[in-house]
Amino acid sequence: MILRDDRDYQILFLGSFLGLGMITRDWSLKPELIIVAIISCLLTQLLLTSWVYFIKQKNKISFNLFLNNPLFMGSWRSSLITALGLCLLLRANHETTMILAGSLAIASKFMFRVSQKHFFNPANFGIIAALTLTQDAWVSPGQWGNDFWFLLLFLGAGAMILKRVGRWETSAVFLLFYTLLEAVRNFWLGWSWDVLSHHLMTGSLLLFALFMLTDPRSIPNHYLSRIFWAIAIAIVTFMIQYSLYLSTAIFWALFFLSPPTIMLDYCWYSPKFNWKVSIAHPTI
């Protein structure tokens, strides 16, 4: 079976979105930057999982360390998803910026862990790292435009993924609460509803809500925690957006509210999410 892993669907959809965006939106993203981002993520994942596997094997060098590392075999899909997410949302002029973003994105999964769970979304961490450590990176929220057919495409693909991983309430609560905040502001300022729809019907916002915010390996485990967490992200996003006027508000909100997921998992316990993959290939 070709799509035997839930992450295969994400790879299929994100890869299709990337190709569609380059064809229909005439993005300035160069093919070599896409290749560099993918190689950086996969290579970093291979090196770090090999190191972890090396430690688990009690420092024994074996044939499987690189060529058949079970930790890498179970997690390369996640690295590819991270790379595609970076390509969809992050823009840069130089290959070194994408290398930095991809490498730090994957490294964050190994550096920031509690109870065998990483609490930063890798792609989001890579975006924030590139924005803060270089003068070459930027995010263009309006790159997808406001076409209604893009909205339907994202919603359809996102709904399919969320149905499989069971994290639909996170996206729904975030979008609902953020829409409510935007609607109140729109009404208070006396603007037309066209302004509200322009703010909400953006591809970047939907990509964030449907594919980044719902990463089951880094968000809270319990559904009540996810609801409160999604509301908090909506509020912080709104505050950053209209107090600092940052177009990257959603990414900063997710970054700042990722560490508190540790406490939420402690307050409301629920088993950690695991992808539906072969037991012989654990994920990391």
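For the sequence shown, the numbering used here begins at 3 and goes up steadily by one. Even for Gly, the Cβ is constructed at its ideal location relative to N, Cα and C.
Please work out which residues of its chain come closer than 7 Å, Cβ to Cβ, to residue i, disregarding the five sequence neighbours upstream and downstream, and give them in chain order.
{"i": "aspartate 2", "result": "In the structure displayed, the chain extends from 3 to 286; residue 2 sits before or after that span and is not available."}
{"i": "cysteine 89", "result": "Leu20, Leu31, Ile36 and Ala39"}
{"i": "valine 238", "result": "Ala255, Phe258 and Leu259"}
{"i": "phenylalanine 240", "result": "Tyr180 and Leu183"}
{"i": "phenylalanine 210", "result": "Ile252"}
{"i": "leucine 106", "result": "Phe127, Gly128 and Ala131"}
{"i": "valine 197", "result": "Asn188"}
{"i": "leucine 191", "result": "none"}
{"i": "methionine 24", "result": "Leu31"}
Please return the same chain residues whose Cβ sits closer than 8 Å to the Cβ of residue i, not counting the five positions on each side in sequence.
{"i": "isoleucine 242", "result": "Leu248, Ala251, Trp254 and Ala255"}
{"i": "tryptophan 195", "result": "Asn188"}
{"i": "arginine 115", "result": "Phe121"}
{"i": "tyrosine 271", "result": "Asn223 and His224"}
{"i": "isoleucine 57", "result": "none"}
{"i": "tryptophan 231", "result": "Thr172, Ile221, Pro222, Leu259, Pro262, Thr263 and Leu266"}
{"i": "leucine 44", "result": "Trp78, Ser81, Leu82 and Ala85"}
{"i": "isoleucine 13", "result": "Arg79, Leu82, Ile83 and Leu86"}
{"i": "glutamate 34", "result": "Glu97"}
{"i": "glutamine 118", "result": "Lys274"}
{"i": "leucine 246", "result": "none"}
{"i": "tyrosine 244", "result": "Arg187"}
{"i": "tyrosine 268", "result": "none"}
{"i": "glycine 17", "result": "Leu86"}
Can you tell me whether residue i is helix, strand or coil according to DSSP?
{"i": "tryptophan 195", "result": "helix"}
{"i": "leucine 208", "result": "helix"}
{"i": "lysine 274", "result": "coil"}
{"i": "lysine 119", "result": "strand"}
{"i": "arginine 93", "result": "strand"}
{"i": "arginine 9", "result": "helix"}
{"i": "proline 262", "result": "coil"}
{"i": "leucine 215", "result": "coil"}
{"i": "serine 77", "result": "coil"}
{"i": "valine 31", "result": "The amino acid occupying residue 31 in the given sequence is leucine; valine does not appear at that position. Here leucine 31 sits in coil by DSSP."}
{"i": "histidine 224", "result": "coil"}
{"i": "serine 42", "result": "helix"}
{"i": "arginine 187", "result": "helix"}
{"i": "tyrosine 268", "result": "helix"}
{"i": "asparagine 126", "result": "helix"}
{"i": "leucine 250", "result": "Per the sequence shown, the amino acid found at residue 250 is threonine instead of leucine. Three-state result, threonine 250: coil."}
{"i": "phenylalanine 114", "result": "coil"}
{"i": "methionine 203", "result": "coil"}
{"i": "glutamine 59", "result": "coil"}
According to the Cβ coordinates, are residue i and residue j closer than 8 Å?
{"i": "histidine 120", "j": "arginine 9", "result": "no"}
{"i": "aspartate 138", "j": "threonine 84", "result": "no"}
{"i": "valine 141", "j": "leucine 212", "result": "no"}
{"i": "valine 186", "j": "isoleucine 233", "result": "no"}
{"i": "alanine 125", "j": "leucine 102", "result": "no"}
{"i": "glycine 104", "j": "threonine 46", "result": "yes"}
{"i": "isoleucine 108", "j": "leucine 22", "result": "no"}
May I ask you to list the residues that DSSP assigns as paired with residue i?
{"i": "alanine 174", "result": "Bridge partners of alanine 174: none, in fact."}
{"i": "valine 238", "result": "DSSP lists no partner for valine 238."}
{"i": "alanine 139", "result": "Ala94"}
Counting only the same chain and skipping the five closest in sequence on each side, list residues whose C-beta sits under 6 Å from that of residue i.
{"i": "alanine 236", "result": "Phe176, Phe179 and Tyr180"}
{"i": "serine 227", "result": "Leu266 and Trp270"}
{"i": "leucine 48", "result": "Phe74"}
{"i": "asparagine 95", "result": "Asp138"}
{"i": "arginine 169", "result": "Thr216 and Pro218"}
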